[in-house]
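K.L.:
Heads up, the sequence shown is in the working numbering, so the first residue is 5 and it goes up one at a time.
Using N, Cα and C, we set each Cβ at its ideal position, and we do this for glycine too.
Following this message is one structure expressed as C-alpha cells.
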Amino acid sequence: MTKFILLRHGQTDWNIQRLYQGHSDIPLNDTGMNQILRAGELLMDKEIDAIYSSDLIRARQTAEAVHHHHPNIPLVVDPRLRERGFGEYEGRSYAKDLMNPGIRDDMNQNPLTFRFNGGESIQDVAVRAKKVLDEILKRYPDKTVLIVSHGSFLTVISVLINNEDLSTRNKYYFPNAEPVYLN
C-alpha cells in the first residue's frame, strides 16, 4: 500500500491577509521560508521515494526545501496539484465574501459544486486530484510519496486517499509547512 506524506506550502503574505490565492503565483514570505527549512529538517530522515509538487512557486519552494535533503529521488512538478482556482475572486478577502449573503448561501447550499466566476468547484478539483492520485498509485505501489500542494487541494486528495465521501473534506486541515501522514 502506498503511503503518503502531505505538506501544504509555507506561509505567504496572502495567507496572513486571508486572501484567496488559487492559481495566483504568490511567493513565500520570511515566515514561510523559515517554515519550509524546518519542514525539510523534519522530513530529512524519513524514507521518501518521490516528491510531487504543484507548479506554483509557494509549493515549489516548499518541495525544494525537502528535496534538498533527498536529492536522489524524483521531484515531479505537476500543475494538476495546484490550489482550487478561485477565478475573479483571487486576491479578494474571504471575510468580505462570507459577509455577502448571496455568495455565503450559495457556498453553503452547494459546497461541492459552487464555483466563483472563472473558478473551479470542489468537484472540479477532485477530478484532477483523482487523475494524479491514480498515476502516483500505479507508479509508486508500496512506496512513500510526498505531495506538496495547497490547503483545498490537500483536503480533497485526503478524502480520495482514504476512500471517503467528498463532503467530509472539511475534517482535514493543513497548517502551513506541517507534514501530515496518511497510510
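Measuring only the C-alpha atoms, how far is Arg84 from Phe157?
P.N.:
Walking along the sequence shown from the start, residue 84 turns up at place 80. Walking along the sequence shown from the start, residue 157 turns up at place 153. Between Arg84 and Phe157, the C-alpha separation is close to 9 Å.
K.L.:
Counting along the chain, where does the alpha helix (DSSP H) carrying Ser156 start and finish?
P.N.:
Taking the first residue of the sequence shown as position 1, residue 156 is located at position 152. Note, Ser156: alpha helix (DSSP H), Gly155 to Ile165.
K.L.:
Nearest-angstrom Cα distance between Ala43 and Ala133?
P.N.:
Taking the sequence shown and counting its residues from 1, the one referred to as residue 43 is at position 39. Taking the sequence shown and counting its residues from 1, the one referred to as residue 133 is at position 129. Those two C-alpha atoms are separated by around 23 Å.
K.L.:
Can you name the start and end residues of the alpha helix (DSSP H) that Lys135 belongs to?
P.N.:
In the sequence shown, the residue the question calls residue 135 occupies position 131. Per DSSP, Lys135 belongs to the alpha helix (DSSP H) from Ile126 to Arg143.
K.L.:
I'd like to confirm the pairing. Which residues does DSSP put opposite Ser57 in its beta bridges?
P.N.:
Numbered from 1 along the sequence shown, position 53 holds the residue referred to as residue 57. Answer is Val81 and Val152.
K.L.:
DSSP state of Leu116, grouped into three classes?
P.N.:
Your numbering for residue 116 matches position 112 in the sequence shown. Coil, per DSSP.
K.L.:
With 16 as the cutoff for other CB atoms within 10 Å, does His72 come out buried or exposed?
P.N.:
In the sequence shown, the residue the question calls residue 72 occupies position 68. By the 10 Å Cβ count, His72 comes out exposed.
K.L.:
Are the CB atoms of Gly26 and Phe90 within a distance shorter than 8 Å?
P.N.:
As a first step, residue 90 must be located in the sequence shown, where it is residue number 86. As a first step, residue 26 must be located in the sequence shown, where it is residue number 22. The answer is yes: Cβ separation under 8 Å.
K.L.:
Taking C-alpha atoms, which residue in Gln113, Gly106, Pro145 and Glu139 lies nearest to Ser171?
P.N.:
Locating residue 171 in the sequence shown gives position 167, where the first residue counts as 1. When each option's Cα is compared against that of Ser171, the closest is Gln113.
K.L.:
On the DSSP letters alone, give me the boundaries of the alpha helix (DSSP H) that Leu205 sits inside.
P.N.:
Residue 205 lies beyond the range of the chain shown here (5 to 187); nothing can be said about it.
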